[in-house]
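Residue numbers (our numbering): 584 to 1170.
Report on one structure; see the data block that follows.
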Amino acid sequence: MTTITKEQVARAVYDAIPRIACVLPHDVRAALEAAQAVEAAQPSGNAYSGEDARRLENACSAQDARLSLGAQSAGNVHLAEGAQPAENMQFAGNAHLAEGVQHAVGAQSSESSQPAEGGRPAEGSTRGAVVLGHLLENAEIAERDHVPICQDTGTVWVCLEVGPDVAVPGDVFACVDEAVARAYTEARLRKSVVRDALVDRANTGDNTPAFTDIHFVEEPGARVHVLLKGGGSDNASRVTMLTPGAGREGIIAEVMDCVAHKAANACPPLVIGIGVGGTFDKVAGMAKSALLREVGALAADPRVAEFERELLEKVNASGMGPGALGGKTLALAVHVNTAPCHIAALPLAINMGCSAMRRATVELNDTTPSAWPPVAAESGRRDDEAKGHMEDPQEENERADASGEGATAGAAPVKLALPLDKSELAKLKAGDACTLTGEMYMLRDAGHIRLLEELKAQGSLPYGLEGAAIFYAGPTPPAAGRPFGAVGPTTASRMDFAAPALYRAGVVATVGKGVRSKDVAAACQETGSVYFVATGGAAALLAQRVESGEVVAYDDLGTEALRRITVRDFPVFVGLDTRGGNVYDLQ
584 MTTITKEQVA RAVYDAIPRI ACVLPHDVRA ALEAAQAVEA AQPSGNAYSG
634 EDARRLENAC SAQDARLSLG AQSAGNVHLA EGAQPAENMQ FAGNAHLAEG
684 VQHAVGAQSS ESSQPAEGGR PAEGSTRGAV VLGHLLENAE IAERDHVPIC
734 QDTGTVWVCL EVGPDVAVPG DVFACVDEAV ARAYTEARLR KSVVRDALVD
784 RANTGDNTPA FTDIHFVEEP GARVHVLLKG GGSDNASRVT MLTPGAGREG
834 IIAEVMDCVA HKAANACPPL VIGIGVGGTF DKVAGMAKSA LLREVGALAA
884 DPRVAEFERE LLEKVNASGM GPGALGGKTL ALAVHVNTAP CHIAALPLAI
934 NMGCSAMRRA TVELNDTTPS AWPPVAAESG RRDDEAKGHM EDPQEENERA
984 DASGEGATAG AAPVKLALPL DKSELAKLKA GDACTLTGEM YMLRDAGHIR
1034 LLEELKAQGS LPYGLEGAAI FYAGPTPPAA GRPFGAVGPT TASRMDFAAP
1084 ALYRAGVVAT VGKGVRSKDV AAACQETGSV YFVATGGAAA LLAQRVESGE
1134 VVAYDDLGTE ALRRITVRDF PVFVGLDTRG GNVYDLQ
């Protein structure tokens, strides 16, 4: 009988976190490459065809059955002494596309324009292709500079699977929180966990506790699944207790409703995990577990696999596309897990997985490490070692574009200087691509509560915010010689409670991701202000565009503090314009 120890589990978690935070899994990268080619096939339209579905499925199905994380030695994933995480990353095939993926992508190149070098969008491409270009370039930057793919390095979910030939102690997860705290501190990842959801929303300061599960399975051996789950994708998820009469069509209707209302907030293109069956408390876990599957790997039951294909085709036929800004590929895959249930029930859970899908599986064996030495689990080389790789964004910006009503396909982005001039904002239309250069502020959830209190108390905006733009974001610590290792937009709708009052008080623009409320759109029209959309999940790329940053107020809020930042050629789309135009209505 093999015995797995708490030290082995903790070490696997400790080693996995900085790797999956900074390196895009190979199956996700390949699927994004395939999606980029699908988007390029017919840049003038968003219709998702059967041929598009076959190409995407062929690309995804070429992947291996499981992620292989790191070098294995004595049953423990480890880094060579002194090595940077990305240098030892061995997501099976991460450095190249599998043969089937190359074929699927290459087959399209003969009938459409090739994606531009480095993952950047080709000239004349749609907004969806621009988003995919940002995501692929972002992955290159993150891996090269050892910085997070996304600033929201999430909560940590650890799932231990134990086979019949393995024994585990009752305290097998006892060291996991220590591993998480060390990894997040040493890798300079963002801490995003609060002490209590209701009575004490102070940040724990080390991203603990982790959330752990153990499952006893028929497969021999033991393995640890590690998933970093961001707030945007989890908040876009749902659990519904349908009745049996709802049947297959009821499930489809619920999935499509969730997609229509929430997908834009979850950083698409998505992987959608679905659980059907079980009980109220179990079905959500089934949906989350579905995200661990290789992207596009179909269910073993051919009936479920066919349902997955049907759902994927319907989701992509919505025309929402990458970033929900229009296109053919809202989702890379739909994975469905099913289980028995009560005769009176049809439990359904939908768990959105963002475009990064930061997860890995680590195989364990019975060798217990005698010590737990530190590793170079570091995100971003320190300032005295390297300054990172700063690129001139001009070349990419010249290729960025927007399409749809009121926006010119293939047009060069509108260059805007901060602080913004309302006469210039009046010329913008929803869907226009822009770049921002100058000084703006960074603030998110908890900071908005405080800012509204100050606005109410003194009757005017403090800290020089009148006439300014607010970027909804919470960055990671400095890395790679930059003010922040990663910084990207958070879901803007969470700030809808504050935005109308701030617009009316003098804020002229906000920057985030996802759909805004009608009240926010009305406030933009009323005040001649705008809402900009930045690519969600492109936090390493966007961090390159931030030249400086300083905390102005609310320092105790950590990543949610009010910051003043200076940006250069920061890429955005116009989400809401001054006349009521909405980019999410242009699909």
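Idealized CB from N, CA, C, for every residue including glycine.
Just so we're clear, the structure is a prediction, and the values are computed from it rather than from any experiment.
Bridge-paired residues (DSSP) for residue i
| i | result |
| --- | --- |
| THR823 | LEU931 |
| MET1023 | ILE1148 |
| ASP728 | Beta-bridge pairing links ASP728 to no other residue. |
| SER816 | Its beta-bridge partners do not exist; DSSP assigns none. |
| PRO1154 | THR1018 |
| ARG806 | GLU744, GLU946 |
| VAL739 | LEU811 |
| CYS924 | GLY861 |
| ASN899 | Paired residues: none, contrary to the question. |
| LEU781 | For LEU781, which the question treats as bridged, DSSP gives no partner whatsoever. |
| ASN1165 | LEU1159 |
| LEU999 | LEU1019 |
| ASP796 | CYS742 |
| VAL1094 | PHE1054, PHE1115 |
Integer Cβ distance of residue i from residue j, believed to fall under 8 Å
| i | j | result |
| --- | --- | --- |
| ASN721 | ALA1123 | 5 Å |
| ALA879 | ALA916 | With the sequence shown as reference, residue 879 is identified as Gly, and Ala is not the correct amino acid for it. Going by Cβ atoms, the distance from GLY879 to ALA916 rounds to 5 Å, so yes, they are a contact pair. |
| GLU744 | VAL800 | 5 Å |
| GLY1119 | CYS850 | 4 Å |
| ALA785 | VAL777 | 6 Å |
| VAL1129 | PRO1066 | 5 Å |
| TYR1055 | MET1078 | 6 Å |
Rounded straight-line distance, which links the Cα of residue j to that of residue i
| i | j | result |
| --- | --- | --- |
| ILE724 | LYS1101 | 36 Å |
| ASN920 | GLY858 | 5 Å |
| ILE1032 | ALA1081 | 8 Å |
| PRO1002 | THR588 | 56 Å |
| TYR1137 | ALA1144 | 5 Å |
| ALA932 | MET1025 | 34 Å |
| ILE835 | THR826 | 14 Å |
| THR1073 | GLY753 | 38 Å |
| VAL611 | PRO1045 | 43 Å |
| GLY1042 | ALA1075 | 24 Å |
| ALA1121 | LEU1035 | 29 Å |
| GLY749 | ILE1053 | Checking the sequence shown, residue 749 turns out to be Val, not Gly. Cα-Cα distance, rounded: 53 Å. |
| ILE797 | ALA943 | 16 Å |
| VAL763 | LEU1008 | 45 Å |
| VAL1150 | ALA995 | 19 Å |
| GLY1064 | ARG771 | 13 Å |
| VAL759 | ARG941 | 18 Å |
| ALA1106 | ALA1051 | 16 Å |
| PRO1154 | ASP735 | 19 Å |
| GLU1037 | ASP1028 | 15 Å |
| ASP864 | ARG821 | 12 Å |
| ARG892 | ALA882 | 10 Å |
| ILE926 | VAL866 | 15 Å |
| GLY830 | ALA928 | 10 Å |
Assigned exposure category for residue i - 16 Cβ within 10 Å defines buried
| i | result |
| --- | --- |
| ASP1004 | exposed |
| ILE600 | buried |
| LYS1010 | exposed |
| GLU889 | exposed |
| MET584 | exposed |
| ASP1160 | buried |
| VAL782 | exposed |
| ASP1015 | buried |
| PRO923 | exposed |
| PRO1058 | buried |
| GLU616 | buried |
| SER1171 | Absent from the model: residue 1171. The displayed extent of the chain is 584 to 1170, so no value can be given. |
| VAL1134 | exposed |
| GLU877 | buried |
| GLY1047 | exposed |
| ILE603 | buried |
| ALA793 | buried |
| ALA1012 | According to the sequence as given, residue 1012 is Lys; it is not Ala. Classification of LYS1012: buried, given that the 10 Å Cβ count is 16 or more. |
| PHE1156 | buried |
Close Cβ partners of residue i (< 6 Å) along its chain, the five nearest in sequence each way excluded
| i | result |
| --- | --- |
| VAL842 | VAL898 |
| GLY1021 | ALA1000, LEU1001 |
| THR823 | GLU837, LEU931 |
Proximal residues to residue i (C-beta, below 7 Å), its chain only, five neighbours per side dropped
| i | result |
| --- | --- |
| ARG765 | TYR597 |
| GLY1163 | ALA1104, GLN1108 |
| GLY1030 | TYR1137, LEU1140, GLU1143, ALA1144, LEU1145 |
| TYR561 | Because the chain here runs from 584 to 1170, residue 561 falls outside it and cannot be looked at. |
Any C-beta of chain E under 9 Å from that of residue i
| i | result |
| --- | --- |
| LEU908 | This model lacks chain E altogether; it includes just one protein chain. |
Sequence-distant residues of its chain with Cβ nearer than 8 Å to residue i (five each side left out)
| i | result |
| --- | --- |
| GLY711 | GLU622, ASN629, GLY904, PRO905, GLY906, LEU908, GLY909, GLY910, LYS911, THR912 |
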